[in-house]
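K.L.:
If you read the sequences in order, they're chains A and B.
With full-length UniProt numbering, letter number 131 in the first sequence gets 131, and the count goes up by one each step, no holes.
With full-length UniProt numbering, letter number 166 in the second sequence gets 166, and the count goes up by one each step, no holes.
2 protein chains.
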Amino acid sequence: MARRQARFTAQELADDPRLRDHSSGLWREGLGDVQRGLLTSAVRCFAANGFHATTTRDIAEGVGLSPAALYVHFPSKELVLFEIVRTGHERVLTRVQDPSVLSARGDGPADRLRAVIAEYTAWHARHHVAARVCQFELRGLTAGHYDEILELRHRTNAFFRDTVARGVADGSFAQVDVKRVTRAMLSLSIDLVRWYRLGGSDSPEELGEFYAGLALKMVAR
Amino acid sequence: MARRQARFTAQELADDPRLRDHSSGLWREGLGDVQRGLLTSAVRCFAANGFHATTTRDIAEGVGLSPAALYVHFPSKELVLFEIVRTGHERVLTRVQDPSVLSARGDGPADRLRAVIAEYTAWHARHHVAARVCQFELRGLTAGHYDEILELRHRTNAFFRDTVARGVADGSFAQVDVKRVTRAMLSLSIDLVRWYRLGGSDSPEELGEFYAGLALKMVAR
DNA sequence: GTCTATAGACCGATAGAC
DNA sequence: GTCTATCGGTCTATAGAC
């Protein structure tokens, strides 16, 4: 008995309502249909079973191909993971920095904080399966790819810290510990990928509003 | 090239300050010294590389034994993981339900909420390496063992929900959504195992107090 | 209780036909 | 671009000596 026990086949994963999210529309421009299909299949497999417990056969079966076909579209299993993780990190960072998101509710620090936390939270909920891979499968990356992702994460964290710091500086917020409070806000949005399911009592947007409200309570004067 | 790239040897892991925590004193009574040593080594390996990327050789090397020696002390690699995860879940649940913890600051709902959140948070910080395994390696368990752990988690969640609900019922807290708010509080304590390190700017107790304060802000009238 | 050696099974990636 | 077949390597777990 030399291997894994609690695995799920690609077919089971495709039918599992707990693995339903909006990630199939996430991938970069310029990728072919087969590549996108493989990424979507890989996301489900990695999220359900983990990177190391997922085989190239599992991923390929999810789109009805043989294991060898994967290597026509991606040079390695690790690069499938990297493509998923990089795309996810880039997409969410672009989204929260989008001017239309940033200023949707006004230009005061509280408006901005509310907007970016609601957006960041809703994004993780909408894409909770892909986001789970982005948050919890980074150990499958090579050292070089891991460093690239870390850079994106640092930029994201700095953006949120700055948003909090501005409200503290101009007196809109209380004199909180910016680093600690920002980390707590991001923890809420990140941890939801562990338990969130689409089709439950909270829509991504409702949860975003709720967590934005909690974030404002954390900095209330 | 049929295997992993970014792994760390047991010796590297033993010297890594990011993997220093208080888990070596965590194990059940009745276990021998070698068993405890193997569990401590396994915790470091699982936390750093993940369950599936960790080999029985890695675990055994951490205590200077050959790979075969592990099977004298544990019947399988999965049961090493189960012992770690079950012990962690039992220990933290026992701790937050301890009467001396519960009533340390008084018997009002706010006192109790502050006490249990501070304790739950500090426990996860003190044992952040083992806690990472408890939170993020559940997929390595067999279906039966996974269900046992889920039962412990449900009891823990119910305990915290009840603590919040009492304060809402007697008017100590605002009329919040108990389920959502409780989940947010636990998310803070759980997500810290992703980034927390001992020896940094926050001690486990300081972080516990800080998160207890945030929890009270979430339910403030 | 520890070791060396290895059985038995599986996986990532490649070769080569079509 | 997809397939079948398979290589080379690695893993969990066991056998058997000490």
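Just so it is clear, CB atoms sit at the ideal spot from N, CA and C, and this is done for glycine as well.
1. Going along chain A, which residues have a C-beta under 9 angstroms from G88 (chain B)?
2. Would T35 (chain B) and H73 (chain B) be called neighbours here (beta carbons separated by less than 8 angstroms)?
3. Hey, is G25 (chain A)'s beta-carbon within less than 8 angstroms of any beta-carbon in chain B?
4. My output table needs one value for P99 (chain A): the three-state DSSP class, helix, strand or coil.
5. Consider the Cβ of N49 (chain B): report whether some Cβ of chain A lies at a distance smaller than 8 angstroms.
6. Going along chain A, which residues have a C-beta under 7 angstroms from D191 (chain B)?
7. For F210 (chain A) and A184 (chain B), what's the separation of their Cα atoms in angstroms?
8. Return yes when at least one heavy atom of the ligand MG lies under 7 angstroms from the C-beta of Y146 (chain B), else no.
9. Can you check which of these residues, B:H128, B:R139, B:L31, is closest to E78 (chain B) by C-alpha distance?
10. Against chain A, does H128 (chain B) count as a neighbour if the rule is that its beta carbon must be under 8 angstroms from one of theirs?
11. How is L65 (chain B) classed by DSSP in three states: helix, strand or coil?
12. Just verifying my parser: in three-state terms, what is the DSSP assignment at E29 (chain A)?
13. Who are the near neighbours of A165 (chain B) in its chain, counting only those whose CB is closer than 7 angstroms to its CB and skipping five residues on each side?
14. Under a CB-based cut-off of 8 angstroms, is residue 238 (chain A) close to chain B?
15. Can you find a C-beta in chain A that's less than 8 angstroms from the C-beta of K77 (chain B)?
16. Consider the Cβ of A53 (chain A): report whether some Cβ of chain B lies at a distance smaller than 8 angstroms.
17. According to the Cβ coordinates, are T163 (chain A) and V116 (chain A) closer than 8 angstroms?
18. Need the endpoints of the alpha helix (DSSP H) that R132 (chain A) sits in, please.
19. Taking a cut of 9 angstroms between CB atoms, which residues from the stretch 164 to 186 of chain A lie near chain B?
20. Run the CB neighbour count on Y71 (chain B), radius 10 Å, all protein chains shown included, and call it buried at 16 or more, exposed below.
21. Give me the chain A residues within the contact set of L214 (chain B), using Cβ-Cβ distance strictly less than 7 angstroms, ordered along the chain.
22. Report yes or no: do the stretch 86 to 104 of chain B and the stretch 120 to 128 of chain B share at least 3 C-beta pairs separated by less than 8 angstroms?
23. Can you name, in chain order, every residue of its own chain whose Cβ lies under 6 angstroms from the Cβ of A118 (chain A), other than the five neighbours on each side?
P.N.:
In this structure, then:
1. Simply none; closest approach about 16 angstroms.
2. Note on identity: in this sequence residue 35 (chain B) is Gln, with Thr being the wrong assignment. The answer is yes: Cβ separation under 8 angstroms.
3. Taking Cβ atoms only, chain B never reaches closer than 8 angstroms to G25 (chain A), which makes this a no.
4. Helix.
5. Contact of N49 (chain B) with chain A is assigned, a C-beta pair being separated by under 8 angstroms.
6. Chain-ordered, the chain A residues with CB closer than 7 angstroms to the CB of D191 (chain B) read S187, I190, D191.
7. Those two C-alpha atoms are separated by around 10 angstroms.
8. As presented, the structure is devoid of all ligands, the ligand MG included, so that no description of it is given.
9. Closest by alpha carbon: B:R139.
10. False, the Cβ-Cβ gap to chain A never drops below 8 angstroms.
11. Of the three classes helix, strand and coil, the one that applies to L65 (chain B) here is coil, per DSSP.
12. Coil at E29 (chain A), not helix or strand.
13. Closer than 7 angstroms at Cβ, skipping near neighbours: V178.
14. Residue 238 (chain A) lies beyond the residue range present for chain A, which begins at 1 and ends at 221; the question has no answer from this structure.
15. By this cut-off, K77 (chain B) is not an interface position.
16. Chain B contact via Cβ: present.
17. Closer than 8 angstroms, so yes.
18. For R132 (chain A), the enclosing alpha helix (DSSP H) covers residues 128 to 136.
19. Here the close residues are D177, K179, R180, V181, R183, A184, L186.
20. Around the beta-carbon of Y71 (chain B), fewer than 16 other beta-carbon atoms lie within 10 Å, marking it exposed.
21. Within 7 angstroms Cβ-Cβ: A184, M218.
22. Enough Cβ pairs lie closer than 8 angstroms, so yes.
23. Once the five neighbours on either side are set aside, the close Cβ partners of A118 (chain A) are G208, E209, A212.
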